[in-house]
Structure formats: structure tokens, C-alpha cells
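Below: the structure, in C-alpha cells.
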Amino acid sequence: MGNNNIPVIAIDGPSASGKGTVARRVSESLGFHYLDSGTLYRLVALVASRTGVDLADEEALANITEHLDVTFEGTEIRLGSEDVTDIVRSETCGNGASRVAAHSQVRKALLGRQRAFRRNPGLVADGRDMCSVVFPDATLKIFLVANTETRAQRRYKQLMGKGVDVKIATILQDIRERDARDSGRSVAPLKQDADSSSIDTTLLNITEVVNQILRQYAEICTKNV
Ligand code: DC
Numbered sequence: 129m130g131n132n133n134i135p136v137i138a139i140d141g142p143s144a145s146g147k148g149t150v151a152r153r154v155s156e157s158l159g160f161h162y163l164d165s166g167t168l169y170r171l172v173a174l175v176a177s178r179t180g181v182d183l184a185d186e187e188a189l190a191n192i193t194e195h196l197d198v199t200f201e202g203t204e205i206r207l208g209s210e211d212v213t214d215i216v217r218s219e220t221c222g223n224g225a226s227r228v229a230a231h232s233q234v235r236k237a238l239l240g241r242q243r244a245f246r247r248n249p250g251l252v253a254d255g256r257d258m259c260s261v262v263f264p265d266a267t268l269k270i271f272l273v274a275n276t277e278t279r280a281q282r283r284y285k286q287l288m289g290k291g292v293d294v295k296i297a298t299i300l301q302d303i304r305e306r307d308a309r310d311s312g313r314s315v316a317p318l319k320q321d322a323d324s325s326s327i328d329t330t331l332l333n334i335t336e337v338v339n340q341i342l343r344q345y346a347e348i349c350t351k352n353v
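If you want this note's numbering, it's the position in the sequence shown, counting the first as 1, plus 128.
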């Protein structure tokens with residue numbers, strides 16, 4: 129049985145654009161499932177670093193991807209029986225993920241796993257290629273943007289709140305490098321899909337962004353009745 133008639137809201141955007149928080153809140157409002165696709169790439173990077181696999185070794189990374197033993201329980205992420213919720217959010221895993229994600233075999237190996245999240249009553253999925261590759265038939269496609277400085281500030285506050293001591297200049301540089309890598313790669317680069325609608329979150333708070341998305345989704349549902 130195909131699951132293509134199950135609604136999907138696909139949200140793409142660069143690092144620290146607020147996608148994760150916004151997507152989770154939209155999914156909670158609608159009672160939909162939630163896929164944070166970046167976590168899958170982060171997990172591959174984590175396993176690679178623990179097992180000494182080079183982030184340039186595409187075949188070994190694809191092998192890790194195929195055997196990834198991950199479970200999502202609410203906001204908790206488990207690798208085997210280990211709770212890795214905090215460690216996968218680290219900047220090291222994020223930077224590793226961005227390298228891992230440039231390999232087409234890794235992306236291919238994650239495709240089925242991501243599409244399996246499309247279950248009733250619906251899904252909100254965030255990442256870089258949700259609109260273009262993973263769910264090209266999504267009910268609603270959103271591209272979130274925000275200026276680089278604002279994104280760096282947001283990430284800085286988030287990390288300081290967790291007690292991680294970082295310099296804003298380092299974060300800014302990290303974000304620029306990651307943007308360049310994620311947008312410049314040849315497979316599934318980060319870019320706005322032709323039929324997605326863009327929301328600039330620079331001057332908006334989370335609730336305003338969530339409400340805009342919910343409004344757009346409600347309009348589509350009304351039209352389709
Ligand atoms: O969204 P995030 O920061 O957790 O993503 C980490 C990295 O994973 C990001 O730099 C690029 C990659 N990624 C991707 O290539 N495609 C996705 N759908 C999600 C993330």
C-alpha cells in the first residue's frame with residue numbers, strides 16, 4: 129500500500145534557520161508525526177567518529193547508514209540502547225553531518241528510512257531536501273531563511289543556554305562554512321524548490337512562523353475539501 133495520500137508539510141532551510149523548533153511545533157499543533165532528517169546525518173557522523181571511519185570514505189559511511197540502529201521516542205534519540213539526544217546536537221556532529229551528507233550513497237541509503245515516517249494522520253519533515261527529493265509531492269513546501277548574523281545569534285544563545293562556552297565569531301564562521309558546503313554540493317544541494325513558499329524568519333518569532341505555516345496549510349485543506 130502506498131502512503132502518498134498522507135499529508136506532508138516539508139520544511140527546508142539552512143543551519144540555525146529555526147526549522148527544527150518550528151517544524152516540531154507545527155507537528156504538535158496538527159498531531160502529526162515529525163521527522164528531523166538532520167539527526168540521521170548527525171548519527172552517521174557520530175558512529176563514523178566512534179568507529180574511526182574517515183568522513184571521505186563513502187562506502188564505509190553508506191554501510192554505517194544502512195545498519196543505523198536508531199529509535200525516536202518523543203524528543204529522545206536512541207542509538208542501540210544509548211541515549212544520544214544531547215550528543216547528536218553538538219557542533220562536532222553537526223559539522224560531521226554536513227560532510228557525510230555530501231555523499232550520494234549515504235543520501236540514497238537514508239531515503240527509505242525517511243519516507244517511512246510518512247504515516248497517518250500526517251508528517252512534518254525538516255531538512256535540506258525534504259521538498260526537492262524526499263517528499264517532492266508534499267502537500268505544503270516551506271523554505272525558511274534568516275540572515276546569517278541572526279542565525280549565529282540564535283545558535284549562540286542556544287549553546288550558551290546549554291552551558292557550552294563558544295565565541296560568536298566561531299559560530300558565524302561555522303555557519304558560513306556549512307551553508308557553503310550544503311548549498312554547493314552536487315547531490316541534493318540546499319536550495320529553494322520552485323513550488324515552495326519562502327518565509328524570512330529574521331524579524332519573526334517562532335510563534336509567528338508557526339502560525340504562518342498553519343495558516344497556509346489550513347488554506348490548502350480548505351481548497352481541497
Ligand atoms: O539540520 P541539521 O543542522 O541537523 O543538519 C545537519 C547537517 O546534515 C546539515 O549541515 C546538512 C545535512 N542535512 C542534509 O544534507 N539533508 C537533510 N535533509 C538534513 C540535513
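Using N, Cα and C, we set each Cβ at its ideal position, and we do this for glycine too.
E194 and A229 - do their beta-carbons sit closer together than 8 Å?
Position 101 of the sequence shown, counting from 1, holds the residue named residue 229. Position 66 of the sequence shown, counting from 1, holds the residue named residue 194. Not in contact: A229 and E194 (Cβ atoms no closer than 8 Å).
Between E277, V338 and V353, which has its C-alpha nearest A144's C-alpha?
By one-based count along the sequence shown, residue 144 stands at place 16. The candidate whose alpha carbon is nearest that of A144 is E277.
Please confirm whether D254 and S326 have their CB atoms less than 8 Å apart.
Within the sequence shown, the letter at position 126 stands for residue 254. Within the sequence shown, the letter at position 198 stands for residue 326. In this structure, S326 does not lie closer than 8 Å to D254 by Cβ.
Which residues mark the beginning and the end of the beta strand (DSSP E) in which K269 is found?
The residue labelled residue 269 in the question sits at position 141 within the sequence shown. L268 to V273 is the span of the beta strand (DSSP E), which, as asked, contains K269.
When the Cα atoms are used, what is the spatial distance from N352 to L251?
By one-based count along the sequence shown, residue 352 stands at place 224. By one-based count along the sequence shown, residue 251 stands at place 123. Cα to Cα, N352 sits roughly 18 Å from L251.
Given L174, which residues of its chain have a CB within under 8 Å of its CB, disregarding the five upstream and five downstream residues?
Taking the sequence shown and counting its residues from 1, one reaches residue 174 at position 46. Excluding residues within five positions, the ones whose Cβ falls inside 8 Å are L207, V212, I215, V216, C221 and G224.
State buried or exposed for I348, treating a residue as buried only when at least 16 other CB atoms are found within 10 Å of its CB.
Taking the first residue of the sequence shown as position 1, residue 348 is located at position 220. When all chains shown are included, I348 counts as exposed.
DSSP three-state label for V212, please.
Locating residue 212 in the sequence shown gives position 84, counting from the first residue. In this structure, V212 counts as coil in the three-state DSSP scheme.
Using the three-state DSSP reduction, which class does S218 fall into: helix, strand or coil?
Here residue 218 is taken as the residue at index 90 of the sequence shown, counted from 1. Note: S218 maps to coil in three-state DSSP.
Which word fits V136, buried or exposed, when buried means at least 16 other C-beta atoms lie within 10 angstroms of its C-beta?
Translated into positions along the sequence shown, residue 136 becomes position 8. Buried, because 16 or more other Cβ atoms sit within 10 Å of the Cβ of V136.
Would you tell me roughly how many angstroms separate the C-alpha atoms of T350 and Q340, rounded to the nearest one?
Residue numbering aside, residue 350 sits at position 222 when the sequence shown is read from its first letter. Residue numbering aside, residue 340 sits at position 212 when the sequence shown is read from its first letter. The alpha-carbon atoms of T350 and Q340 are separated by roughly 15 Å.
Would you list the one or two residues that DSSP bridges to E204?
Here the question's residue 204 lines up with position 76 in the sequence shown. E204 pairs with E201.
Would you say R343 touches ligand 1, meaning its beta carbon is less than 7 Å from a heavy atom?
On the sequence shown, position 215 is the one that residue 343 refers to. Checking every heavy atom of ligand 1 against the Cβ of R343, none is found closer than 7 Å.
Determine, using beta carbons only, whether T203 and N275 come nearer to each other than 8 Å.
The sequence position of residue 203 within the sequence shown is 75, counting from 1. The sequence position of residue 275 within the sequence shown is 147, counting from 1. Not in contact: T203 and N275 (Cβ atoms no closer than 8 Å).
Using beta-carbon positions only, say whether K269 and S311 come within less than 8 Å of one another.
One-based indexing of the sequence shown puts residue 269 at position 141. One-based indexing of the sequence shown puts residue 311 at position 183. Contact: no.
Can you tell me whether A253 is helix, strand or coil according to DSSP?
Position 125 of the sequence shown holds residue 253. Reduced to three states, the DSSP call for A253 is strand.
Is it true that the CB of D302 sits closer than 8 Å to the CB of P142?
On the sequence shown, position 14 is the one that residue 142 refers to. On the sequence shown, position 174 is the one that residue 302 refers to. Not a contact, by the Cβ cut-off of 8 Å.
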